[in-house]
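**Student:** Shown below is the structure under consideration.
Number of protein chains: 4
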Amino acid sequence: MSFNTFGHVFRMTTWGESHGPAIGATLDGCPPGIALSETDIQPWLDRRRPGQNRMMTQRREPDAVRILSGVFEGRTTGTPIQLFIENTDQRSKDYGEIAHAFRPGHADLTYHLKYGLRDYRGGGRSSARETASRVAAGGVARRVLAELLPDLRITGYMVRMGEKVIDRARFDMAEITRNPFWCPDPQAAAEWADYLDFIRGRDHNSVGAVVEVVASGVPAGLGAPLYGKLDADLAAAMMSINAVKGVEIGAGMAAAELTGRDNADEITGTQDGQPVFASNHAGGILGGISSGQDVVVRFAVKPTSSILSPRRSIREDGTALDLKTKGRHDPCVGIRAVPVGEAMMALVLADHLLLDRAQTGGVRGRIGEG
Amino acid sequence: MSFNTFGHVFRMTTWGESHGPAIGATLDGCPPGIALSETDIQPWLDRRRPGQNRMMTQRREPDAVRILSGVFEGRTTGTPIQLFIENTDQRSKDYGEIAHAFRPGHADLTYHLKYGLRDYRGGGRSSARETASRVAAGGVARRVLAELLPDLRITGYMVRMGEKVIDRARFDMAEITRNPFWCPDPQAAAEWADYLDFIRGRDHNSVGAVVEVVASGVPAGLGAPLYGKLDADLAAAMMSINAVKGVEIGAGMAAAELTGRDNADEITGTQDGQPVFASNHAGGILGGISSGQDVVVRFAVKPTSSILSPRRSIREDGTALDLKTKGRHDPCVGIRAVPVGEAMMALVLADHLLLDRAQTGGVRGRIGEG
Amino acid sequence: MSFNTFGHVFRMTTWGESHGPAIGATLDGCPPGIALSETDIQPWLDRRRPGQNRMMTQRREPDAVRILSGVFEGRTTGTPIQLFIENTDQRSKDYGEIAHAFRPGHADLTYHLKYGLRDYRGGGRSSARETASRVAAGGVARRVLAELLPDLRITGYMVRMGEKVIDRARFDMAEITRNPFWCPDPQAAAEWADYLDFIRGRDHNSVGAVVEVVASGVPAGLGAPLYGKLDADLAAAMMSINAVKGVEIGAGMAAAELTGRDNADEITGTQDGQPVFASNHAGGILGGISSGQDVVVRFAVKPTSSILSPRRSIREDGTALDLKTKGRHDPCVGIRAVPVGEAMMALVLADHLLLDRAQTGGVRGRIGEG
Amino acid sequence: MSFNTFGHVFRMTTWGESHGPAIGATLDGCPPGIALSETDIQPWLDRRRPGQNRMMTQRREPDAVRILSGVFEGRTTGTPIQLFIENTDQRSKDYGEIAHAFRPGHADLTYHLKYGLRDYRGGGRSSARETASRVAAGGVARRVLAELLPDLRITGYMVRMGEKVIDRARFDMAEITRNPFWCPDPQAAAEWADYLDFIRGRDHNSVGAVVEVVASGVPAGLGAPLYGKLDADLAAAMMSINAVKGVEIGAGMAAAELTGRDNADEITGTQDGQPVFASNHAGGILGGISSGQDVVVRFAVKPTSSILSPRRSIREDGTALDLKTKGRHDPCVGIRAVPVGEAMMALVLADHLLLDRAQTGGVRGRIGEG
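Chains as they are written, first to last, in the working numbering: chain Y, 947 to 1316; chain E, 947 to 1316; chain H, 947 to 1316; chain S, 947 to 1316.
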């Protein structure tokens, strides 16, 4: 994990700015012989694409991905895969005022302080646009996982928008793709629609969200003590997404409120040489290594700092101003973080799957055997 | 971050098991010419040492650190520093039953499933004993930071024990070292003492905690987009500590409940070429790069799974048992996580300080200047 | 150095195949604020470009580089720089026979054995075409070095073609760019022209070469013991170039023939706090760290395995054949390796310059001072 | 490969100075379940040990290795293995004059110039003593290879001492361990004995050497384009050994003198799905990937710069002196480089074996099959 590269042996390097000619990701270390074409990747990008409804930025990008290398006659060759996405709808004139002023709560400021200059057009490198590269790379990771772990399922959804949370009693997996919020609770989805209309349209505001990503079918044994832990890598993966301010595994922050007796996930027996558990406070990870239970990650996305309401700030020259951000922004950027969180989960799992077979050969201990 | 190595250019590799002859850390990339001796490191280890009072495991380890390399005539030479700590009080007979059974919620199980075998004595590599190596390495990082960032202060403390939280209105920095809980609220500290006595002595239980670590005096510009973000590395650092299940930066998970107007940390002016803020929801990090505000990290430590109350589990051969963990365990392992969290903060900041000067030469943009 | 990434903190990741739509390099960790445009890079690519004279493959590629990211208003921003080169002259029909047979001495075979499949068109990823990406990246490294080490000069040239060597008594720096062989000896250059005409035209053969790359103006102190040595990284850098089979520093293999008395580079005094040497058998590197003398690297390039003379080989199905390689190939691929060697030298030096300032802050010990 | 760490997934970090209390190596990423004890490692150390005969430094070190972690009940656990070697025979008084003067051709100088200070006792970190750590780590790598590649054999020997070379017509594998020079030619060995007596005893000098290391039984498919090539990693590995100035693969530098027709290793058929070759100019590596032939590496070791003959040099204060190095030094340090070269070969092969199974799962393409 070095600046713009993520992963140990299945490595993604992303590049590109919001208003440059293109963005992309280079995937290195992909197993050879995996069937792969643009049509495997495009659907994931389409899920994340901006401009699809009024809940999102109105920037319209086709986000058409092209594979420029690493695939021959429909199969991966083991050499680096370049995923290439042209930028087509850069409306740079929108960014006049913030060219030389800083949005409070935005990377505008810290890029300037670190580098002494910044590409202010659309946030440059700090734009959520970069997450398209992640989603494309995640599409390749999913193909790898589909070959090596056919039972794996990765599902992301929103469990909170601002003050409003889902009712887990109404959790319905099938609902997730039926509303623009990836919300598994249809009643919450309806409320969120009204709420977000108010936030955006009347309040000229934005709002935060909590996203949960669950991977089921993860075999026991992925991850490694102590600094290559599966949960440490997931935490870094999710925290690296724009606007994320907190990451939880399983019970997460609430684990602090539990006693050891309540938090222990009792083991009630074995099935096919693997343990069976009575609960999953651990979120599928013990000592940094997957246990075979669902891997459960949650992360908080802060409200975007680009809002139409004025906030006090300064210009590069130090003078004060009240700043309103015009332009096309997501009132709840957490919505688009759902496919991104899924992609990061896929990337981490693919990386750890390969890393594990480096060390152990993929052979695992079992219960009730020699 | 590769298995047992942490950091980019200031790198720590730890080794050793709970009941082996010794544990230690190798620090690579330390700047040369830094004054360093065991007496700079030992006080930090003493703060974390087990067996100091009834709130902790009764294992008694002097945790005397020796510097075996990388220092000559009292100064670092730029070559690897080996920090060496002998284990002296291994009471392996305590671990009879769990030699072949798995504590629910413990890495016992996943080590077995991944590696096919494990050093069951005291948890082996998964023991919190490894954190002594981190604290020792953190002591070196603090010396580096003292030279390069003399105004930096790192302070860790507990803000929650189980159901009980501090009252921030009573926050008193001076209290932190006056009670065995690193608790900045003296009234809470008194309550926690009774609470923990009950949890441990009568309830045969354990309890979780939330630790907060604050670094003040961090210059703007540390961190790098997009996978070497300061917050992503802090998240990995804290999540890599035993028993941690959630990590927050600034407002953390609560950022999801805020609107953009409330979450924005308004900028009210400049001082010495740096911005002045009205609040710090961001926890001192924007776009993965420090802003000059306090860097604020919080993490949740789950209750230890080693408790005297019986829990359902299985043996390696698959047979069921009700497992009670005898031996010497911390009823609230979060207490000892405070110095560990501080050490990880020091290690991350030292690493990012060096990494930043690699790329930028340590020259920073300023406000109100060319 | 992980599969397709090279470097520690100034990192290059290359991607692309000979007959894919494009090739390129992502440069990560570049210092911000460096003036950079395509016109800084293109001249280096033009030096390496195929099809310039009869001594080279007749494939004609404009090798026009585009910067797709990381530069804003003519200066680097500190974010990843994507260097993009379209492939325009792929004549895939040339590769009919070798689609399913292996050229002896070529990566055809080992790619098949490792990955189970390969992009046979033009050698795919193993083609020397990839070196255009290196040369482009080297152009960026040279811009960084021009800012940080204005006195640095990197010069590559050929000292051997097959059996024929230069006479160092006739060494003339100005000659290097006056002949198609980067040969510093004008008489040798004339002989090589005839020799290569024979090798290619009449003998249907190819021939090896030795390239020397010298960097003058390298400050003392770059490199680090023991596995990040400057010479170890240079050796890996040069050995990673297609067809290279040997790498030497300074006296190189001949150092084995010397005695300690003869090999010692005596120090005759100091100038500006730096030592002055009587000779440079060490090639400017002692203990893996630059001494301030010229850094001298030499590498051997084997003759290309793609020749018009028949050689015994096998097909993928195991049947035997006598294989002649039609198509457009360099009779002495060492010629084009000269700009590539220079580029790798620039990349290694830029990386180590940044790495050194990470650890030491770029402050160096001097002679005759405190 | 980052300062003091070597390897991708099977990683060695060494630490320690010549005259510190101990030296050692941490091995991370070792497969679990490998039988391992000190008795597997000690014999390799004994081969390299100083003070065994008059051809070596007279420093007497038992070089007794202890395994401090990562092994439980005689098998590796998958956690880091600490190999610990105490220094017992430090005679620091020997180093009086060179405490503040620089041996010409020695790292004394560059450590001072880079770090501003150095541990001058016995060369500190730059001492060949560090290679004991490599040899110990190589012993673990050999155990891994013995399990995973039982047919692998690694053999190192000297082919040149100064002006004197072996006659390959007299090559006898059995001779290698019968003389103190690891010389496969008994007649050369006898000559070298006299030669070295003269060099050391009468000439007060030292002499260089060429070491060759051959690995047979390496499966096809190890290595990866383009910056993780097997030959690039071997080149870095060997160049990282003290005093090495050149590295060759197969025909090496001499490949430059060959034509393509002569250099091509013709493929004459297949056996068990693998190709059969008529020659091995490639040294078992094509395109950075092993071909199944013997992997052949050669490296040149310069004569040690610590000699009893006076050489011109300077002191730290810039004053001139004629420097003679008293103390106990190897007249031909290449001799002790033989076991070190073998160890580095073992480490590189183990690392690449694991790295390959990460990406490909260890499944290889074959000839004559689907």
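Virtual Cβ for every residue (Gly too), placed ideally from N, Cα, C. Owing to the predicted nature of the structure, the values given are computational and were not obtained by experimental measurement.
For chain E, is any of its Cβ atoms less than 8 angstroms away from the one on threonine 951 of chain H?
**Tutor:** Not an interface residue.
**Student:** Who are the near neighbours of glutamate 1351 of chain E in its chain, counting only those whose CB is closer than 6 angstroms to its CB and skipping five residues on each side?
**Tutor:** Chain E is shown only over 947 to 1316; residue 1351 of chain E falls outside these bounds and no answer can be derived.
**Student:** Suppose you measure from the CA of glycine 1167 of chain H to the CA of lysine 1270 of chain H; what does that come to, to the nearest Å?
**Tutor:** 50 angstroms
**Student:** To the nearest angstrom, how far is the alpha carbon of threonine 959 of chain H from that of phenylalanine 952 of chain H?
**Tutor:** 6 angstroms
**Student:** Identify the continuous beta strand (DSSP E) that holds leucine 1269 of chain H and give its terminal residues.
**Tutor:** 1266-1269
**Student:** Work out the CA separation of aspartate 1268 of chain S and serine 1259 of chain S for me, nearest whole Å.
**Tutor:** Answer to the nearest angstrom: the Cα atoms are 6 angstroms apart.
**Student:** Is there a Cβ of chain B sitting closer than 8 angstroms to that of arginine 1089 of chain E, yes or no?
**Tutor:** No chain B appears in this structure, whose protein chains are Y, E, H and S.
**Student:** Answer with buried or exposed for proline 1096 of chain E, where buried requires no fewer than 16 other C-beta atoms within 10 angstroms of its C-beta.
**Tutor:** exposed
**Student:** Can you list the residues of chain E that threonine 959 of chain S reaches, using a CB-CB cut of under 8 angstroms?
**Tutor:** Neighbours of threonine 959 of chain S on chain E, chain order: Thr951, Thr959, Thr972, Asp974, Pro1026.
**Student:** Do you know offhand how far serine 948 of chain Y's Cα is from aspartate 1140 of chain S's?
**Tutor:** 54 angstroms
**Student:** Unbroken beta strand (DSSP E) runs of length 3 or more, entirely within the stretch 1173-1199 of chain Y: which are they?
**Tutor:** 1190-1195
**Student:** With distances taken Cα to Cα, identify the nearest neighbour of threonine 1034 of chain S among S:Ala1246, S:Arg1148, S:Glu963, S:Ile1195.
**Tutor:** S:Glu963
**Student:** Counting Cβ pairs closer than 8 angstroms, one from the stretch 1193-1208 of chain E and one from the stretch 1132-1151 of chain E, do we hit at least three?
**Tutor:** no
**Student:** Given 8 angstroms as the limit, is there contact between the stretch 1019-1033 of chain Y and the stretch 1201-1212 of chain E, that is, 3 or more CB pairs closer than that?
**Tutor:** no
**Student:** Helix or strand or just coil, what does DSSP make of threonine 1250 of chain Y?
**Tutor:** coil
**Student:** On the three-state DSSP scale, how would you describe phenylalanine 952 of chain S?
**Tutor:** strand
**Student:** Would you mind stating whether isoleucine 1112 of chain H and proline 1130 of chain H have Cβ atoms separated by less than 8 angstroms?
**Tutor:** yes
**Student:** What are the residues that DSSP puts in a beta bridge with phenylalanine 1144 of chain H?
**Tutor:** For phenylalanine 1144 of chain H, which the question treats as bridged, DSSP gives no partner whatsoever.
**Student:** Put proline 1050 of chain H into one of helix, strand or coil per three-state DSSP.
**Tutor:** Per DSSP, reduced to three states, the secondary structure at proline 1050 of chain H is coil, with no helix or strand assignment.
**Student:** Just to confirm the assignment, what range does the beta strand (DSSP E) spanning leucine 1029 of chain E have?
**Tutor:** 1027-1032
**Student:** Answer yes or no: does any C-beta atom of chain S fall closer than 8 angstroms to that of aspartate 1118 of chain E?
**Tutor:** Proximity of aspartate 1118 of chain E to chain S, defined by a Cβ-Cβ separation below 8 angstroms, is not satisfied.
**Student:** For alanine 1224 of chain Y, count neighbouring Cβ atoms within 10 angstroms of its own Cβ and tell me buried if that reaches 16, exposed if not.
**Tutor:** exposed
**Student:** Indicate the three-state DSSP secondary structure (helix, strand or coil) for isoleucine 980 of chain H in the structure shown.
**Tutor:** coil
**Student:** Beta carbon of tyrosine 1057 of chain S, beta carbon of arginine 1064 of chain S: below 8 angstroms?
**Tutor:** Less than 8 angstroms divides the Cβ of tyrosine 1057 of chain S from the Cβ of arginine 1064 of chain S.
**Student:** Any contact between the stretch 1274-1294 of chain S and the stretch 1079-1097 of chain S? By contact I mean 3 or more CB pairs, one from each, below 8 angstroms.
**Tutor:** yes
**Student:** Measuring only between beta-carbons, confirm whether tyrosine 1057 of chain S sits less than 8 angstroms from chain H.
**Tutor:** Closer than 8 angstroms to some Cβ of chain H, the Cβ of tyrosine 1057 of chain S qualifies, so yes.
**Student:** Give me whichever residues DSSP pairs with threonine 972 of chain H in a beta bridge.
**Tutor:** H:Thr959, H:Gln1028
**Student:** Rounded to whole angstroms, what is the Cα-Cα separation between arginine 1116 of chain Y and isoleucine 1187 of chain Y?
**Tutor:** 28 angstroms
**Student:** So lysine 1317 of chain E and glycine 1154 of chain E are in contact, right, with Cβ under 8 angstroms, and what is the actual spacing, rounded?
**Tutor:** Here chain E comprises residues numbered 947 to 1316, so residue 1317 of chain E is not present and cannot be evaluated.
**Student:** For phenylalanine 1018 of chain Y, which beta-bridge partners are listed by DSSP?
**Tutor:** DSSP output for phenylalanine 1018 of chain Y lists Y:Arg1021 as bridge partner(s).
**Student:** Thinking C-alpha only, which one of H:Ala1010, H:Arg1114, H:Thr1250, H:Arg1312 is nearest alanine 1134 of chain H?
**Tutor:** H:Arg1114
**Student:** Measuring CB atoms only, is the stretch 1011-1024 of chain H touching the stretch 1097-1110 of chain H, in the sense that at least three cross pairs come out at less than 8 angstroms?
**Tutor:** no
**Student:** For glycine 1084 of chain S, which of helix, strand or coil comes out of DSSP?
**Tutor:** Glycine 1084 of chain S: helix per DSSP, three-state reduction.
**Student:** By Cβ distance below 6 angstroms, which residues in the same chain neighbour leucine 1098 of chain Y in space, the five residues on each side in sequence not counted?
**Tutor:** Leu1091, Gly1163
**Student:** So is glycine 1316 of chain Y buried or exposed if we call it buried at 16+ other beta carbons inside 10 Å?
**Tutor:** For glycine 1316 of chain Y, the pLDDT reaches just 49, beneath the cut-off of 50, and the residue's location in the model is therefore unreliable, although a value from the coordinates is still provided. With fewer than 16 other Cβ atoms within 10 Å, it is exposed.
**Student:** Which residues, in order along the stretch 1094-1120 of chain E, keep a beta-carbon less than 7 angstroms from a beta-carbon of chain Y?
**Tutor:** Arg1106, Gly1108, Glu1109
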